[in-house]
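Chemist: Throughout, the numbering used here is defined as the position within the sequence shown, counted from one, plus 2.
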Amino acid sequence: MVIEDIHSQLCQKNQQQSQHRASDLHLADPMDRAAAFIIDIFIILLPLLMLSTAPFKRNIFSAVLLDNNLSFVISIFLGALSTIVVITIYNFISIWLFGATFGKRFVGIRVIDVWSKNKPRFSVSFLRAITWWVGLLSFGFSFASIFTNTRRRALHDRISETMVVSDKYKAIQKPSVYESSIVKGIFAGFIAFISVIIVVIILDLQRDLSKSNEVTAMLEEKGGLCGSVGKAYREWPVEIKSTTPRLEVAMALFSAGIISESCLEGEASFVFRQDIESPMAYLAKAFVYSDRSKLSDSYLQRVCELAKDSKECFMSEIVAQWDKEDWGDVNNKFLSINADWPIYIQIWAVRNAINQGDFLFAKKILDSLPNVDSLKNFKINFKTKSFVADFDRAHLNNLTDLALSSLDENEKLNLSTWLCYQQISLNCETLNTKSCDYFN
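1. Please classify residue 34: does DSSP put it in a helix, a strand, or coil?
2. Output yes or no for whether 7 Å exceeds the beta carbon distance between residue 41 and residue 81.
3. Taking the alpha helix (DSSP H) that residue 88 belongs to, which residues open and close that run?
4. Just the C-alpha distance for residue 312 and residue 284, rounded to the nearest angstrom, thanks.
5. Any contact of the region 46-56 with the region 266-279, i.e. 3+ C-beta pairs under 8 Å?
6. Leaving out five residues on either side along the sequence, give the residues of the same chain with a beta carbon under 7 Å from the beta carbon of residue 147.
7. Given residue 297, which residues of its chain have a CB within under 6 Å of its CB, disregarding the five upstream and five downstream residues?
8. Out of curiosity, what's the CA-to-CA distance linking residue 305 and residue 314?
9. With burial defined as no fewer than 16 other Cβ atoms inside 10 Å of the residue's Cβ, what is the status of residue 281: buried or exposed?
10. Is the CB-CB distance between residue 258 and residue 380 below 7 Å?
11. If you measure between the beta carbons of residue 134 and residue 93, is that distance less than 7 Å?
12. Put residue 55 into one of helix, strand or coil per three-state DSSP.
13. Which first and last residues belong to the alpha helix (DSSP H) in which residue 320 is found?
14. Go ahead and pull the three-state DSSP assignment for residue 40.
15. Distance, Cα to Cα, residue 86 vs residue 50?
16. So the alpha helix (DSSP H) residue 113 belongs to, where does it begin and stop?
17. With the cut-off set at 7 Å, would you say residue 166 and residue 111 are in Cβ contact?
18. Would you mind reading off the limits of the beta strand (DSSP E) that contains residue 374?
19. Since residue 109 and residue 37 should fall inside the 8 Å C-beta cutoff, what is the C-beta to C-beta distance between them, to a whole number of angstroms?
20. Run the CB neighbour count on residue 332, radius 10 Å, all protein chains shown included, and call it buried at 16 or more, exposed below.
21. According to DSSP, simplified to helix, strand and coil, what is residue 29?
22. Between which two residues does the alpha helix (DSSP H) carrying residue 338 extend?
23. For residue 317, is the classification buried or exposed, using 16 other Cβ atoms within 10 angstroms of its Cβ as the cut-off for buried?
24. Using the C-alpha atoms, what's the distance from residue 360 back to residue 370?
25. Is the Cβ-Cβ distance between residue 231 and residue 254 less than 7 Å?
26. Cα separation between residue 299 and residue 357?
27. Along the chain, where does the beta strand (DSSP E) that runs through residue 168 open and close?
28. Let me confirm a value: residue 353 is counted as buried when at least 16 other C-beta atoms fall within 10 Å, else exposed. Which label applies?
29. Where does the unbroken alpha helix (DSSP H) through residue 252 begin, and where does it stop?
30. Using the C-alpha atoms, what's the distance from residue 279 back to residue 126?
31. I'd like the list of long-range same chain contacts for residue 89, defined as Cβ closer than 7 Å, with 5 residues on each side in sequence excluded.
32. Taking only the alpha-carbon atoms, compute the straight-line gap between residue 246 and residue 294 and give it to the nearest angstrom.
33. Roughly how many angstroms separate the alpha carbons of residue 327 and residue 275, rounded to a whole number?
34. Does the CB of residue 273 have a neighbour CB from chain D at under 7 Å?
35. Going by DSSP, what residue range makes up the alpha helix (DSSP H) through residue 346?
36. Given a threshold of 16 other Cβ atoms within 10 Å of its Cβ, counted over all protein chains shown, does residue 61 qualify as buried or as exposed?
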C-alpha cells in the first residue's frame, strides 16, 4: 500500500505559486495605481458622497442651531458611516463584476486572483473592499508595501490574495533603494496633507458653529427667539437630555412666570421650522393657546400621540385634569416626580403644592432646582411662601424683609399680597406683619 505524502498538496501549491511568480505578469505601476485612486475619489465617489451625506449635513446644522449635542454626534456618525458604506460598495461591486474600478480601467490596470489569474470571486472582492480601509485608516502606511513587496502587493492585496496587473505590458521591477527613499518623502508629505485636511475640517466646523450662533443671535435680536431664553440656556448647569434643550429651558422659564406666551410661542415655532416634530413643542403650544380650549386640547392630544410614555404626555394629562379641577389626581401625579424630572415639571409641581398648602413637598422640590440667576427670584418667592406655616411672626417678618429686598416691584407686590392673605386667614393680628405693611 502506498501512503501519500501529507505535504504533497502544500508542496504542489507552493510550486504553483512559484510558477505564477515566474510567469510573465506585468505588474501595475504604483503611479498608475495612485492615478486610479485620484480618479475614483474625485470624479466618481465625490459626487456620490455629496449626495449620500447631504441629509446628515442638514441635520448637523439643525442640531447646532438647537444646541442638541446628541443629535450632532449621531449625525456625524451616520454621515461617516454612509461614506464608508458607499466607498466599500463601489470598490466591492467594481472589482467583483469588472475586475477593476473606473479609475483602474481608465489607466489600464486591473485586479486579479493570484491563483486563477481571473477577476476575483465574490468573497475575495468583498474581503478586499473591507481590508482596503486598513490602509486608509492607517494614513496609508499599509500601502507602503507596494514599494517594498517584490510583487508590489499592498496589505489588502495580500490578505485577499489578489494583485494588481497592467494591461499596458509595462515592465515594473522590484522596488529599489532610490524608490524607497522617494516613497518615504511622499509619505511624509501625505501625512502633512492629512494634517492640513484635519485642520481645515476643524476650522470649517468652528465656522459652522460660529455661523449658527450668529443666526441664533440674529433671531433673538429680531424677535424670532427670546434673548432671555438664550441667556438662561447658556448659564444652565443641568445636563438636558431632551432633543430640544433650548425649548426645555424656555418651558422652565415660562412655568416660573419669567417669560410670556409670545416668547414661548417663538421658541416652539423655531423647533417646528427645523422639521422636528417634538412632543414638547406641542405641549408649549398648548400652554400658549390655553385661552382657546379646542386648539389647546388638540395640541395636548398630539403630545401623547407622539410619545405616550413621555414626561411631556405626563404633563399634558395633568393639564387636562386642571381643566376638570380634579385636584386629587393632580396632586397624586405631582407627588410621583423627583429631582430627575424636567425642571419645568418640577416648577409646576412647586406651584401646585403651594396652592394646595403642601408646603413640605414644595420645599423638597425647590431644594432640587438648579441655582441659576434666571430662576433666583422664583426660588426666593416660593421658598418664602413655603415657610409661611412654619415660622412664628418674628422669624417670618425677617424672612419677608430678606425676600422683598431681592425682588422687583411686581414680584414684591405679588409676594406681599399672597403672604398677607395667608397670614390674615390664620390670625387677624397679622395685619401688622411686614407683608401687610407693604400696602401702607
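Here a beta-carbon is modelled for each residue, glycine too, at the ideal position from N, C-alpha and C.
Modeler: To lay it out plainly:
1. For the purposes of this step, residue 34 is identified with residue 32 of the sequence shown, where counting begins at 1. Correct three-state label for residue 34: helix.
2. The residue you call residue 41 lines up with position 39 of the sequence shown. The residue you call residue 81 lines up with position 79 of the sequence shown. Cβ atoms of residue 41 and residue 81: not closer than 7 Å.
3. Position 86 of the sequence shown holds residue 88. Per DSSP, residue 88 belongs to the alpha helix (DSSP H) from 71-100.
4. Residue 312 sits at position 310 when you count from the first residue of the sequence shown. Residue 284 sits at position 282 when you count from the first residue of the sequence shown. Going from the Cα of residue 312 to the Cα of residue 284 covers about 13 Å.
5. no
6. As a first step, residue 147 must be located in the sequence shown, where it is residue number 145. Within the same chain, residue 147 has close Cβ partners 155, 156, 157.
7. Within the sequence shown, the letter at position 295 stands for residue 297. So the qualifying residues of the chain are 291.
8. Start at 1 with the first residue of the sequence shown, and residue 305 comes out as number 303. Start at 1 with the first residue of the sequence shown, and residue 314 comes out as number 312. Distance between the alpha carbons of residue 305 and residue 314: 7 Å.
9. Sequence index remark: in the sequence shown, residue 281 carries index 279 (1-based). The residue in question, residue 281, is buried, as its Cβ has 16 or more Cβ neighbours within 10 Å.
10. If you number the sequence shown from 1, residue 258 lands on position 256. If you number the sequence shown from 1, residue 380 lands on position 378. Yes, the Cβ-Cβ distance between residue 258 and residue 380 is below 7 Å.
11. Here residue 134 refers to the residue found at position 132 of the sequence shown. Here residue 93 refers to the residue found at position 91 of the sequence shown. Yes. Within cutoff.
12. For the purposes of this step, residue 55 is taken as residue 53 along the sequence shown, with counting starting at 1. The answer is helix: DSSP assigns residue 55 an H, G or I state.
13. Reading the sequence shown from its first residue, position 318 is the one you call residue 320. Looking at the DSSP string, the run of the alpha helix (DSSP H) that includes residue 320 is 313-326.
14. Here the question's residue 40 lines up with position 38 in the sequence shown. Reduced to three states, the DSSP call for residue 40 is helix.
15. By 1-based counting over the sequence shown, the position of residue 86 is 84. By 1-based counting over the sequence shown, the position of residue 50 is 48. So the two alpha carbons sit approximately 12 Å from each other.
16. Taking the sequence shown and counting its residues from 1, the one referred to as residue 113 is at position 111. Premise fails: residue 113 lies in the beta strand (DSSP E), 111-115, not in any alpha helix (DSSP H).
17. Translated into positions along the sequence shown, residue 166 becomes position 164. Translated into positions along the sequence shown, residue 111 becomes position 109. Cβ distance < 7 Å, so residue 166 and residue 111 count as in contact.
18. In the sequence shown, the residue the question calls residue 374 occupies position 372. Segment: none, residue 374 is in no beta strand (DSSP E) and carries neither H nor E.
19. Against the sequence shown, residue 109 aligns to sequence position 107. Against the sequence shown, residue 37 aligns to sequence position 35. Correct: roughly 5 Å between the Cβ atoms.
20. One-based indexing of the sequence shown puts residue 332 at position 330. When all chains shown are included, residue 332 counts as buried.
21. Position 27 of the sequence shown, counted from the first residue, corresponds to residue 29. Strand.
22. Here residue 338 corresponds to residue number 336 of the sequence shown, with the count starting at 1. No alpha helix (DSSP H) contains residue 338, which DSSP labels as neither H nor E.
23. By 1-based counting over the sequence shown, the position of residue 317 is 315. Answer is buried; the Cβ neighbour count reaches 16.
24. In the sequence shown, counting from the first residue as 1, residue 370 sits at position 368. In the sequence shown, counting from the first residue as 1, residue 360 sits at position 358. When rounded, the distance between both Cα atoms is 16 Å.
25. Position 229 of the sequence shown, counting from 1, holds the residue named residue 231. Position 252 of the sequence shown, counting from 1, holds the residue named residue 254. Contact: no.
26. Counted from its first residue, the sequence shown places residue 299 at position 297. Counted from its first residue, the sequence shown places residue 357 at position 355. In a straight line, the C-alpha of residue 299 is about 24 Å away from that of residue 357.
27. Within the sequence shown, numbered from 1, the residue matching residue 168 stands at position 166. First-last of the beta strand (DSSP E) with residue 168: 164-168.
28. In the sequence shown, residue 353 corresponds to position 351, counting from 1. With 16 or more other Cβ atoms within 10 Å, it is buried.
29. Counting from 1 along the sequence shown, the entry for residue 252 is found at position 250. That run of the alpha helix (DSSP H) goes 247-257.
30. Taking the first residue of the sequence shown as position 1, residue 126 is located at position 124. Taking the first residue of the sequence shown as position 1, residue 279 is located at position 277. The alpha-carbon atoms of residue 126 and residue 279 are separated by roughly 45 Å.
31. The residue you call residue 89 lines up with position 87 of the sequence shown. 47, listed in sequence order.
32. As a first step, residue 246 must be located in the sequence shown, where it is residue number 244. As a first step, residue 294 must be located in the sequence shown, where it is residue number 292. Those two C-alpha atoms are separated by around 25 Å.
33. Position 325 of the sequence shown, counted from the first residue, corresponds to residue 327. Position 273 of the sequence shown, counted from the first residue, corresponds to residue 275. Rounded to the nearest angstrom, the two C-alpha atoms are 35 Å apart.
34. This model lacks chain D altogether, as it is built from one protein chain only.
35. Looking up residue 346 in the sequence shown gives position 344. Here the alpha helix (DSSP H) through residue 346 covers 345-358.
36. The residue labelled residue 61 in the question sits at position 59 within the sequence shown. Buried is the call here.
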